[in-house]
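The opening position of the sequence shown corresponds to residue 98 in my numbering, with each subsequent residue numbered one higher.
In what follows, a single structure is set out as structure tokens and then discussed.
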Amino acid sequence: MRTSDHQILDSAFVLDGTGCESRFFERMDSMYEGARAAASSTVHIHVHAATATELIEAVTDWHRWGHFHRSLNYAHWNLEGPVEPTGIFLPAQGMLFRYRASEARLDVYAEPGRARRADELVFHAARNLALWRRGVRLTSMLHASAVMVKDAAWLFLGNKGAGKSTLFIDSVLRHGATPLANDRVLLDLNDGRTVWSWPSYLSYCEGTILDYPELRDVFDAALDGTPPPDARLYRRSYTQSHKRIVPPFHFHEVLGRRYARSAPIAGVVCARLEAGHAAGLTLLAKRRTSSLAASELADAVFGASDPDFPAWHGTRAPAGAEPLSGALAWLRDADVPLLEVVLDPILGKPGLRQLFVD
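Written out as structure tokens, the structure reads:
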């Protein structure tokens, strides 16, 4: 039996068992550089081998169904199955999860022969637990991608379709920024300045993948093995319905670019994509986050109960201030530059470097 130690946010995980490997955890660990947050708790994950019959018999009296993970963009991540207060069964994956909060213990029962998928799903369970178990220090989460420029973080803030991923990838591949977060950041309430990376996946429209040959190399590598005949055919489309998703460690493994784990905040960019914007990129306003209004931030703050990460394990939302008021107060106190821009998805990219310089 092999035991390995890992960490997500401020939760430490001890993984052992024979039902899966720790390779997925290790690849996620390897993509980061920088010190971890001080661990506030430890969860023990025990993986057991179980037959299909044993798994089915274990849930014969579970009559309610619930989600293990939900996604608006990716149907294959809408994983659900029979649930009890502390567990969930995924029939299509041949896996059963039971979490005992009082013991900080997650038992995973996996049908042999599905180890590759099991590795990833165990990581997702741990990531879910890390989100719900995080201490008050990291309770506020923003919907933002982030890069590090000159050792400080710029956040690209906004809801779906605001151009966060496009700004992120162009800043990294064309302007020398260090990747920090693909889709979410957490605000450190201890010092009021530091933002932390959340291990979200890389998610891009196929048209954007075609715009960046390096990014296409990342997505092609993630296909792994022998893909379906049309898997390498990317459409020149920028719609949500034509998006692809891969684990972010491929970015590090293919391009050699490691993510910063955390950084002090330098500023915030609120962008609006506008195809055909004649000027390419226009700076509409430059002000300070101390002037932010709650209405401007509402769409970029995740509530205490995040629908993408349902509490199937019976845990409670982290204690602390109401998410919107907590994030708003943090950004106002940070008092960093806030840039409002409108840009064409193609023509506006060359102007990004000047934004950060100015």
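Yeah, the Cβ is synthetic: ideal placement off N, Cα and C, and Gly gets one too.
For this session: State whether the segment 127–136 contacts the segment 177–196, with contact taken as three or more CB pairs (one from each stretch) at a distance under 8 Å.
Result: no
Exercise. What residues are listed by DSSP as bridge partners for residue 434?
Worked result: 385
Exercise. Using CA coordinates, which residue listed in 204, 170, 360 and 401 is at the minimum distance from residue 247?
Worked result: Checked all of 204, 170, 360 and 401; the closest Cα to residue 247 is 360.
For this session: Just the C-alpha distance for residue 442 and residue 263, rounded to the nearest angstrom, thanks.
Result: 8 Å
For this session: Would you identify the three-state DSSP class for residue 151, choosing helix, strand or coil?
Result: In the structure shown, residue 151 sits in a helix (DSSP, three-state: H, G or I).
For this session: Identify whether residue 277 lies in helix, strand or coil by the three-state DSSP scheme.
Result: strand
For this session: Return the CA-CA distance between residue 103 and residue 358, expressed in angstroms with no decimal places.
Result: 14 Å
For this session: Starting from the Cα of residue 433, find the closest Cα among 385, 418, 196 and 406 and give me that residue.
Result: 385
For this session: Kindly indicate which three-state DSSP category residue 106 falls into: helix, strand or coil?
Result: coil
Problem set entry | DSSP state of residue 293 mapped onto helix, strand, coil | strand
Problem set entry | Boundaries of the alpha helix (DSSP H) in which residue 127 is found, first to last residue | 120–127
Exercise. To the nearest whole angstrom, what separates the beta carbons of residue 237 and residue 424, a pair I think is in contact under 8 Å?
Worked result: 4 Å
Exercise. In whole angstroms, what is the alpha-carbon distance linking residue 439 and residue 222?
Worked result: 38 Å
Exercise. Can you list, in chain order, the stretches of the alpha helix (DSSP H) that have 4 or more residues and sit fully within the segment 159–196?
Worked result: As far as the segment 159–196 is concerned, it has no whole alpha helix (DSSP H) run of at least 4 residues.
For this session: Tell me whether residue 261 sits in a helix, a strand or coil according to DSSP, three-state version.
Result: helix
Problem set entry | Length of the line joining the Cα atoms of residue 332 and residue 112 | 40 Å
Exercise. Looking at the structure shown, is residue 406 part of a helix, part of a strand, or coil, going by DSSP?
Worked result: coil
Exercise. Whose C-alpha, out of 207, 199, 195 and 294, is nearest the C-alpha of residue 239?
Worked result: 294
For this session: Could you tell me whether the Cβ atoms of residue 412 and residue 159 are closer together than 8 Å?
Result: In this structure, the beta-carbon distance from residue 412 to residue 159 does not fall below 8 Å.
Exercise. Between residue 347 and residue 355, which are expected to be in contact by the criterion C-beta below 8 Å, what is the C-beta distance as a whole number of angstroms?
Worked result: Here residue 347 is actually not in contact with residue 355; their C-beta atoms are around 12 Å apart, not less than 8 Å.
Exercise. What number of angstroms, rounded off, separates the C-alpha of residue 363 from the C-alpha of residue 310?
Worked result: 29 Å
Exercise. Can you tell me whether residue 251 is buried or exposed, with buried defined as 16 or more other CB within 10 angstroms of its CB?
Worked result: buried
Problem set entry | Beta-carbon proximity list for residue 342, same chain, < 7 Å, skipping 5 on both sides | 171, 298, 299 and 300
Exercise. Taking the C-alpha atoms as reference points, what is the distance between residue 321 and residue 315?
Worked result: The straight-line gap from Cα to Cα measures roughly 11 Å.
Exercise. Whose CA, out of 296, 253 and 235, lies closest to the CA of residue 242?
Worked result: Check the Cα spacing between residue 242 and each of 296, 253 and 235: the tightest is with 253.
Problem set entry | First and last residue of the uninterrupted alpha helix (DSSP H) at residue 392 | Run containing residue 392: 391–394, per the alpha helix (DSSP H) assignment.
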